[in-house]
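Scroll down for the structure; my scribbles are underneath it.
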Amino acid sequence: MEKALIVGSVVIGMWACVSDAGFGRSGTDGDSDADADSDADADDPRIPPAEACDACVAGEVCVEGTCAASRGDCATADDCQSDSWCFEGSCISYGTPPGHDTNPDCARIPDPGPFAPALQCAWSEAPAGDPTPTHVQVMSTPVVVDFHFDPAQDPDNPEIHPSIVFNTFASSAYGSNGVLRIVDGETCETIQSLNLDPADRTVPASSPSLGDLDLDGRPEIVSPASGGGLVAFRWDEGAGQFVRIWHSRDCETGANDATGPAQWSGVSIHDLDDDGVPEIVCGAVIYDAEGCIVDSAMGFRSYSVGQVPVLADLEGDGEIDWVSGNEILRFDVATRSLVAKEGFAGAGLANGFVAVADFGEFPGTASEAPGVAEIVVVSAGAARIQTMAGEVVFGPFARAGLATGGPPTVADFDGDGEPELASAGGDRYVVFDMECDADPLPDFCEARGIRWSQPSQDHSSSVTGSSVFDFEGDGAAEAVYADECYVRVYDGATGVVKFSQARSSGTTYENPIVVDVDGDFNSEIVTSTNDYAGTLNCAARDPLFADAAFATSHGVRVYQDVEDRWVNSRPVWNQHAYAVTGVDPDGVIPATSEWESNWTVPGLNNFRQNVQGSLLPNPAPDLTGRGEGFEVTSCLEGDARIMLSADVCNRGTEPVAAGLSVRFHDGDPALGAPEICAADSTGALQPGSCELVACEWIGAPTTEGHDVTVTVDADGENVECFEANNLAAIADVRCETLL
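Written as structure tokens, this is what we have:
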């Protein structure tokens, strides 16, 4: 029996597994020796299937009817090396029984430690030779997706390499003549400026949107066009760049489209008729995937500087509803048009920015049935919740300083399992909580209907957006908001500012977003910034976070945790009105019948909040190694060379990016053994998958055999559910036999 390398049983850091007892079946790379042993056992006549446990001999453990060799004693998986797991006190090779290739309980224990972001990268200037060098101001929401520019080296473990897309403008001209930029999500280096032709310019105050319009598996880019209508771009493989594919138009008459010039609201992309091909919505105008106007009868609804299109199937009847504060339209598939939704009686209500979520059941109203969404409306400095019939069930509650109030977010801010809502205004960021609409008023409430608020400064527009993310995986979401002067992260339950960084903006509807922008399976914050309006009378120091000093800037900035401890997120944020179920991670828009309502999916029920990429609670990787052996390449005098190889595996529940560090030592590195050589993984490691890595030992031993120790994640850059099970061994390595 192979002896396990035991390095201790202490759980290191802030991660642990909930249980070692049960493991999932992924059908991917398990321990080849264990699989062979299991297959042999299955054919062994001495082991009747019904009596397998009785047939195990000394040194074997019965695991689900299979006799498996014990590789050592254990208390937890931290005691098990060489790609094994802990089962009832014994280390058992992964892959035994067949299919046991991951630990589905591998999870992150939330860490209440310091919130410590750092600047990962910034884009602030056009590349040399760009004909639009002064277009460096950004005042709309960036969007993110992986365009798959490079084919995957390993289709089973594809790397994720997202890009950031945003509109830019020159000087103070944010209403027209915008230039779209695509930059690398990891480095912020420019990939392409899309619309250098003046005829293709965009509305820079509007956010672009992303979605696969032509069903080729790669998203297109759509933006409101300067002068009216929309403009779309597609990746041209032959040209190696994005090219304009259409300007929106009336395809029956050939007339140009002048819808909504200089509006800030952007577009939303959804499949409305269940044919699998997305439609595009700007205001209340519907376009098909080729830019043809499908229905313009409802026009461009007037609110603020454009109503951000929010669409959802509010009651689960298969029909898609267009939602505003005082109107609901449904898309009639037969007539391919938006028509008034029957039963809505809220025409007399104030219009406003909206979000949708399920806030509970309200007897005697249109929301008395479970699974029906309510509508959040923020208007004229107040927030309310209403049913799809226009019945107000919460509020309206006003807060001095909210002024107009921007596009709302919905999330579980306090970790109680129920959604709250938030909005930003001229002088306040406010979180509203239905628990605060009670007598007596709970102690955690600032005022009736309001959980907490914090001062802010947005005197330019008073309608900026915000977003939400649970950075620590503790079940309570943090709020992320950028006003004229600072981008801040707030504790969701209390409003305490956990982070602040200078950020200047004249403001429109823009909001920072949280997304895995570089494919490292950790979250980052992406925010836009501009300095055309000067200092905006911003305080030299953030009054809510004294460590932050104000400075002007322009472009796009990406922040990461200094130790990459923030939990995983999806590598996509495709439009201003973002909801998780509205887009797949690769930018594909689900067909109507496959589009799950966000509020019906466990762990969601939110709006403008990104979540862990797998939707598992607090997923984590667990990295292991398995020595595969060595191959002598030369044993010449003074030139002994041996190729060492090992499998590196991910037995957890969260992927790991390419570039995983693997080191080979001549003995035990804990005792100071020298490093022989090192290698990095080349592909992403999905849960249950392995990759063979190798490196060459130059000056290898030629007489006595040496035991080589393999250390996976040697740089410690990935935080795992088990941190001490990263070792493997290659025994008796030498050239002697060939001399």
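Just so we're on the same page, our numbering is the position in the sequence shown counted from 1, plus 38.
Ideal placement from N, C-alpha and C gives every residue a C-beta, glycine not left out.
Got a sec? Which residues, its chain only, sit under 6 Å from residue i by beta carbon, not counting five neighbours each side?
i	result
Ser303	Gly344, Gln345 and Val346
Asp313	none
Cys144	Cys55, Ala658, Asp660, Gly690, Thr691 and Cys759
Cys773	Val670, Cys673, Ala678, Ala738 and Thr740
Ala476	none
Ser538	Tyr524, Arg526, Asp580, Phe583 and Ala586
Ser286	Gly267, Leu268, Asp295, Tyr325 and Gly329
Val750	Leu661, Gly663, Val686, Val700 and Asn764
Thr352	Here residue 352 turns out to be Leu, not Thr, going by the sequence shown. Within the same chain, Leu352 has close Cβ partners Asp359, Ala411 and Met426.
Ala695	Gly557, Asp558, Phe559 and Ala722
Asp770	Gly743
Glu755	none
Skipping 5 residues on each side, what residues in its chain have a beta carbon closer than 8 Å to that of residue i?
i	result
Ala711	His703, Asp704, Gly705 and Thr747
Ala335	Ser375 and Leu376
Val807	Because residue 807 is not part of the residues shown, which for the chain are 39 to 777, the question remains open.
What does a CB cutoff of less than 7 Å around residue i pick up in its chain, not counting 5 residues either side in sequence?
i	result
Pro316	Gly249, Leu251, Ile307, His308, Asp309, Ala327 and Ile627
Gly298	Pro262, Gly266, Cys320, Gly321, Phe338 and Gly344
Pro766	First, the residue type needs correcting, since residue 766 is Ala and not Pro in the sequence shown. Same-chain partners within the cutoff: Gln119, Ser120, Asp121, Gly663, Arg664, Gly665, Ala684 and Val748.
Phe482	Arg489
Gly216	Asn205, Thr206, Phe207, Arg239, Thr240, Val241, Pro242 and Ser264
Val555	Val182, Pro200, Ile202, Gly223, Glu562, Val564 and Val596
Judging by CA-CA distance, which residue of the options is the nearest neighbour of residue i?
i	options	result
Thr691	Leu723, Leu682, Asp718 and Ala708	Leu723
Trp611	Val600, Thr565, Glu742 and Gly511	Thr565
Val221	Asn764, Phe583, Val203 and Arg608	Val203
Trp284	Gly278, Asn233 and Asp254	Asn233
Ala678	Val670, Ile714 and Ala684	Val670
Val757	Asp558, Val101 and Ser131	Asp558
Pro446	Glu484, Arg486, Asp496 and Gly390	Gly390
Ala531	Glu522, Gly453, Pro200 and Ala378	Gly453
Ala514	Leu440, Asp529 and Tyr524	Asp529
Thr6	Trp161, Pro152 and Gly223	What the structure shows of the chain is the stretch from 39 to 777, and residue 6 is not part of that stretch, so it cannot be assessed.
Ala617	Thr630, Asn648, His592 and Ser591	Asn648
Pro257	Glu729, Gln650 and Asp622	Asp622
Val174	Ala211, His138 and Ala615	Ala211
Leu730	Ile488, Ile714, Met681 and Ser214	Met681
Asp311	Gln301, Thr291 and Val332	Val332
Gly354	Ser405, Gly137, Tyr341 and Ile318	Ser405
Ala762	Ala96, Ala113 and Val95	Ala113
Asp708	Gly455, Ala716, Ala752 and Asp556	Checking the sequence shown, residue 708 turns out to be Ala, not Asp. Taking only the C-alpha atoms, the option nearest Ala708 is Ala752.
Glu163	Thr619, His614 and Val594	Val594
Asn141	Trp123, Ile736 and Gly433	Trp123
His497	Asp512, Cys576, Met472 and Pro693	Cys576
Gln158	Asp139, Ala578, Glu227 and Pro165	Glu227
Phe153	Glu510, Asn688 and Trp735	Glu510
Can you round the beta-carbon distance between residue i and residue j to whole angstroms, since I take them to be within the 8 Å contact cut?
i	j	result
Phe397	Pro480	Contact flag wrong, Cβ pair sits at about 17 Å.
Asp121	Gly663	6 Å
Val269	Thr240	6 Å
Asn606	Asn644	Not really, about 16 Å apart at Cβ, beyond 8 Å.
Gln598	Pro155	7 Å
Ala372	Asp359	So it is not a contact: roughly 16 Å between Cβ atoms.
Pro180	Ile563	That belief does not hold up - the Cβ atoms of Pro180 and Ile563 are roughly 11 Å apart, past 8 Å.
Ala300	Ser214	6 Å
Val553	Pro609	7 Å
Val101	Ile130	6 Å
Thr630	Gly356	7 Å
Next item on the list: Can you check the region 228-264 for any beta strand (DSSP E) of at least 3 residues that lies completely inside it and give the ranges in chain order?
Entry: For the region 228-264, the continuous beta strand (DSSP E) assignments of 3+ residues that do not extend past its boundaries occur at 228-231, 247-249 and 258-262, in sequence order.
Margin query: Would you call the region 536-553 in contact with the region 571-590, where contact means no fewer than 3 C-beta pairs closer than 8 Å?
Written below: Because the criterion of three Cβ pairs below 8 Å is met, the region 536-553 and the region 571-590 touch.
Checklist line | Any 3 or more C-beta pairs closer than 8 Å across the region 376-392 and the region 426-437 | finding: With a cut-off of 8 Å, the region 426-437 and the region 376-392 count as touching, because enough Cβ pairs lie within range.
Margin query: To test your reading of the DSSP string, which unbroken beta strand (DSSP E) runs of 3 or more residues are found completely within the region 495-574?
Written below: Whole beta strand (DSSP E) segments, 3+ residues: 504-507, 516-520, 524-528, 535-540, 551-553 and 562-567.
Checklist line | Sequence ranges, beta strand (DSSP E) only - wholly within the region 279-351, length at least 3 | finding: Listed in chain order, they are 279-285, 306-308, 317-320, 323-325, 331-333 and 348-350.
Checklist line | Meets three-Cβ-pair contact criterion under 8 Å: the region 409-422 and the region 367-374 | finding: Fewer than three beta-carbon pairs drawn from the region 409-422 and the region 367-374 are found closer than 8 Å, and the two stretches are therefore not classed as touching.
Notebook entry, point to check: Would you say the region 628-644 touches the region 180-191, given that touching needs at least three Cβ pairs under 8 Å?
Noted result: Output reads no: the region 180-191 does not touch the region 628-644.
Item checked: In chain order, each beta strand (DSSP E) run of at least 3 residues that lies wholly inside the region 382-451 -> The qualifying runs are 391-395, 412-417, 420-424, 430-436 and 447-449.
Notebook entry, point to check: Does the region 462-469 come close enough to the region 435-444 that 3 or more CB-CB pairs lie under 8 Å?
Noted result: The region 435-444 is in contact with the region 462-469.
Checklist line | Within the region 121-189, ranges of the beta strand (DSSP E) (whole runs, at least 3 residues) | finding: Complete beta strand (DSSP E) runs here, min 3: 122-125, 128-131, 138-140, 144-146, 155-161 and 181-183.
Check: Considering only residues of the region 589-621, which uninterrupted beta strand (DSSP E) runs meet the minimum length of 3 residues and lie entirely inside it, listed in chain order?
Finding: Segments of the beta strand (DSSP E) lying fully in the region 589-621: 593-599.
Notebook entry, point to check: For the region 668-738, which segments carrying the beta strand (DSSP E) assignment without a break, of at least 3 residues, lie completely within its bounds, in sequence order?
Noted result: The region 668-738 contains these whole beta strand (DSSP E) runs: 677-688, 699-704, 713-718 and 728-736.
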